[in-house]
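Take a look at the structure set out below.
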Ligand code: FES
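In structure tokens form, the structure reads like this:
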């Protein structure tokens, strides 16, 4: 039955002719080592086509979606790490094989007639392979890819004449973005592969013709034929090498368990984790090709490097100086390629031997130069030197960013694009903003140490421990805390002194000293109470009040301790404060409280009254400026609010104060307002409060 | 294998297998060939099977999770709902929103679906099981999934696509829908911050979708 089916096919289509065309003339020569390269290359190309098609099922070219889709392949699709890893490493393998092949051809003299067609197609293949690789590298649109592309395109742009045009066309404009990706994508998945396939076919045809001639010569000399197994073994070895490369972790691991909201675990995390599923998601342990943080033109990336296969060019460019440097980078390789191209033309007849010698020398010099430059580039970044250390440091920073981006991506990537992940992450962006806006005065634990800080360290701000430590540090007159809050500090010291005196008296009377211990106990209670950001109103009279006093909850105990010690100066839910007007402690330390503080730290609700009262006006650095958006729609509103606050402040300075003018001037100086966008403010607040949620705008879910 | 050698095999293949080779060598060769073939198949399977799994995309990406979601306050229904002329019931449409995940992307605050709330102010509210005092209907038509509207003129629900008509308790009055409107679970949670008397409630609905165009209400999986 098969036979008749086959016969029908043959009769109607004549496939046999095609098969004959493809297989005829394959001779024993085709299994010499130097011919194995071509079959190996074809095999790797086939891998690229297959894995490439598989990747296309998930990849989405677009500046807002590319990184996310690659993340998805690497971490969420089963065996995505393997498919992507194979594609990545096979690309590198193709370049290496191509280079080795050319070297082998040149050294054995096969590039000279009658092998010139073999040589030329091989050279073109090499160029096309590089082009395919260069158009493929930027597709993940991560930091590394983005910045490497910038460098490459600048080099292209440096070509006189055509350069700027070419650069403009590839970019699809003047900056890398959406069109850049779609253009590179079209080149990478359609145009160049077709060119490559055509060149590979031509190369094989040329090679076959060449072999037939060589065969004729050899049969006259009676040379033995070679093992048939060589190409097959080479293919299997290649495949094994590529697959094992994928198993070396190069990407960042993903601890999906912690960072994923319940119910969104991928299949591998559910109860029936099967063994093969663990293999399927090896990408989460970092297996496969690396993926850096999403491309973000706003983030400094001082370590832009091309792929290691192009390091020699990079190093060449770096070590050349002067106006013709970029010329040399572009034209050096072009000239070399041209020379290689024309070599066979000169190698006819008697000149053949000479040209062969010249080619061998040339190729060896070239290979050594490339190897040397590559090693040099490696040495510069990974060797023992100061610049290498800097590079490593920066590399670690970028790795941290990559790690964080991937953790965040596991919760889903905003439609605005993956760059928003880090831009809206309190831990990343919030920290940077803290560094620029706050760290001139406030330290942040060991994360952001600040020398000569003039304000309290805000690491763990608002927690019980932080509040208690703040109080304790105030007892030391020289501490930063007692300098910024002198009134509070002197009160605290008095409390301690009073307690110490009471203790001394008790000791004299032969009673156990308790006053200091009780004071500390109360302070701890108050700290715990404040750390819960209390906002609840407390009954002030009647039976409800009596019940409240009997209440043993932490809130009630904390409030009662607060009432005895702090109520005189501080306001809580509209009560207290007296004439000292200490900051309002309602909701102390929560996001709302901080928001208000940042907007107007010298309003009556916060530290305003102490501005007036305390003579530290002479030292403006110890006063916090207001941070708010001075450009948005609310700016005017705030301005009015600020005027009102200022009026209040003004009134607090007594008319008969002889230094009134001086004071007012000093106050004006310290009450400055700095611009801080709403988003940045929220990022800083969440960073300080150790709140890890991304900051997003948009309407609330609920009325 | 010498006999089976196809005509178009290269010459050397015939040289080495065809003529004066002894049987032992022949056996060894075919054994090696077999082993080699096995190895290749294994390797191909090792990479081919993952490729198929990758393509099949076996990871489960679920529908948005079930669960009660806050959609309105009871006072909203009383204030903004339309009043049914015949029964005095209040009819109010709410939108259920949820963060939706689309492959690697999230869309915060996306509309999951719409729900019709029918509240009878004359009945006593039993927060955990409001029964007929507060009923929630999915706005998805049980026929083919169009959006059901409330028709204030005729005091009934109607579907514009194929003229399905339902009464206020969701029963089919006319048209092709094979079953009544789909009822969703609903509950009331006291709003602690409210100062009104009787206290205000949050309305929470457990939104889900059902298989269309069959007589029974079967949740979509
Ligand atoms: S979809 Fe509603 S009646 Fe057909």
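Chains as they are written, first to last, in the working numbering: chain A, 1 to 703; chain B, 1001 to 1221. Using N, Cα and C, we set each Cβ at its ideal position, and we do this for glycine too. Since the model is a prediction, treat every value here as computed from it, not as a measurement.
Outcome for residue i when other beta-carbon atoms lying within 10 angstroms are tallied against a minimum of 16
i, result
"residue 1006 of chain B", "Bear in mind that a pLDDT of 44 at residue 1006 of chain B, under 50, signals an unreliable position, so the model cannot answer this."
"residue 1111 of chain B", "exposed"
"residue 132 of chain A", "buried"
"residue 309 of chain A", "buried"
"residue 575 of chain A", "exposed"
"residue 484 of chain A", "buried"
"residue 116 of chain A", "buried"
"residue 382 of chain A", "exposed"
"residue 1089 of chain B", "buried"
"residue 693 of chain A", "exposed"
"residue 552 of chain A", "exposed"
"residue 1101 of chain B", "buried"
"residue 21 of chain A", "exposed"
"residue 1221 of chain B", "exposed"
"residue 2 of chain A", "exposed"
Alpha-carbon spacing of residue i relative to residue j, whole angstroms
i, j, result
"residue 390 of chain A", "residue 89 of chain A", "28 Å"
"residue 1211 of chain B", "residue 1163 of chain B", "19 Å"
"residue 705 of chain A", "residue 668 of chain A", "There is no way to answer for residue 705 of chain A, as the model of chain A reaches only from 1 to 703."
"residue 142 of chain A", "residue 569 of chain A", "54 Å"
"residue 1049 of chain B", "residue 180 of chain A", "35 Å"
"residue 679 of chain A", "residue 689 of chain A", "15 Å"
"residue 1053 of chain B", "residue 1046 of chain B", "11 Å"
"residue 378 of chain A", "residue 399 of chain A", "19 Å"
"residue 1156 of chain B", "residue 402 of chain A", "56 Å"
"residue 1131 of chain B", "residue 605 of chain A", "49 Å"
"residue 48 of chain A", "residue 594 of chain A", "55 Å"
"residue 196 of chain A", "residue 98 of chain A", "12 Å"
"residue 603 of chain A", "residue 457 of chain A", "22 Å"
"residue 178 of chain A", "residue 11 of chain A", "50 Å"
"residue 655 of chain A", "residue 1099 of chain B", "58 Å"
"residue 393 of chain A", "residue 248 of chain A", "23 Å"
"residue 267 of chain A", "residue 86 of chain A", "Legend: pLDDT at residue 267 of chain A = 45, less than 50; position of this residue unreliable, value from coordinates given subsequently. About 24 Å."
"residue 565 of chain A", "residue 546 of chain A", "19 Å"
"residue 1106 of chain B", "residue 250 of chain A", "27 Å"
"residue 704 of chain A", "residue 425 of chain A", "Past the boundaries of the shown model lies residue 704 of chain A; chain A is included only from 1 to 703, so the question cannot be answered."
"residue 1022 of chain B", "residue 16 of chain A", "34 Å"
"residue 1129 of chain B", "residue 1218 of chain B", "22 Å"
"residue 136 of chain A", "residue 1152 of chain B", "60 Å"
Nonlocal neighbours in the same chain, by C-beta distance under 7 Å from residue i, ignoring five residues either side
i, result
"residue 108 of chain A", "34"
"residue 1215 of chain B", "1178, 1179"
"residue 482 of chain A", "474, 476, 489"
"residue 140 of chain A", "66, 67, 70, 291"
"residue 653 of chain A", "612, 660, 663, 664"
"residue 340 of chain A", "123"
"residue 336 of chain A", "366"
Contacting residues, own chain, Cβ-Cβ under 8 Å from residue i (five flanking each side not counted)
i, result
"residue 598 of chain A", "626, 627, 628, 676, 681, 684, 685"
"residue 673 of chain A", "625, 626, 627, 628, 630, 642"
"residue 36 of chain A", "230, 231, 234"
"residue 500 of chain A", "515, 516"
Cβ shell of residue i (< 6 Å), same chain only, five flanking positions each side left out
i, result
"residue 1146 of chain B", "1159, 1161"
"residue 315 of chain A", "373, 376, 377"
"residue 783 of chain A", "No information on residue 783 of chain A is available, as it lies outside the stretch 1 to 703 that chain A covers here."
- Taking only beta carbons into account, state which residues of the segment 52-67 of chain A come closer than 7 Å to chain B, listed in chain order. 54, 57
- Spell out a yes or no on whether the segment 45-54 of chain A and the segment 98-107 of chain A are touching, meaning 3 or more CB-CB pairs, one atom from each, closer than 8 Å. no
- Message: Taking beta-carbon pairs under 8 Å, can you tell me which members of the segment 73-102 of chain A lie near chain B?
- Response: 76, 77, 78, 79, 80, 82, 83, 86
- Message: If contact is defined by three or more beta carbon pairs under 8 Å, each pair taking one atom from either stretch, is the segment 408-421 of chain A in contact with the segment 67-83 of chain A?
- Response: yes
- Counting Cβ pairs closer than 8 Å, one from the segment 1201-1208 of chain B and one from the segment 1064-1077 of chain B, do we hit at least three? yes
- Query: Of the residues that make up the segment 339-366 of chain A, which ones have a beta carbon closer than 8 Å to any beta carbon in chain B?
  - Reply: Residues passing the 8 Å Cβ filter: none.
- Item | Contact the segment 290-306 of chain A vs the segment 142-151 of chain A: 3+ CB pairs below 8 Å | The count of Cβ pairs closer than 8 Å, one atom from the segment 290-306 of chain A and one from the segment 142-151 of chain A, reaches three, so the stretches are in contact.
- Please list the residues of the segment 402-416 of chain A that have a C-beta atom closer than 8 Å to any C-beta atom in chain B, keeping them in chain order. If the cut-off is 8 Å between Cβ atoms, the segment 402-416 of chain A has 409, 411, 412, 413, 414, 415 near chain B.
- Given a limit of 8 Å on CB to CB distance, which residues of the segment 238-259 of chain A reach chain B? Within the segment 238-259 of chain A, contact with chain B at the beta-carbon level (separation under 8 Å) is assigned to 239, 240, 243.
- Message: Short of 9 Å Cβ to Cβ, which residues in the segment 1103-1121 of chain B face chain A?
- Response: 1103, 1104, 1105, 1106, 1107, 1108, 1109
- Any contact of the segment 199-216 of chain A with the segment 121-130 of chain A, i.e. 3+ C-beta pairs under 8 Å? Under the three-pair Cβ rule at 8 Å, the segment 199-216 of chain A counts as touching the segment 121-130 of chain A.
- Message: Taking 8 Å as the cut-off, does the segment 439-455 of chain A touch the segment 1128-1143 of chain B (at least 3 CB pairs, one atom from each stretch)?
- Response: no
- Mind checking the segment 1039-1054 of chain B against chain A and listing, in chain order, the residues whose C-beta falls within less than 8 Å of any C-beta there? 1039, 1040, 1043, 1046, 1047, 1050, 1051, 1053, 1054
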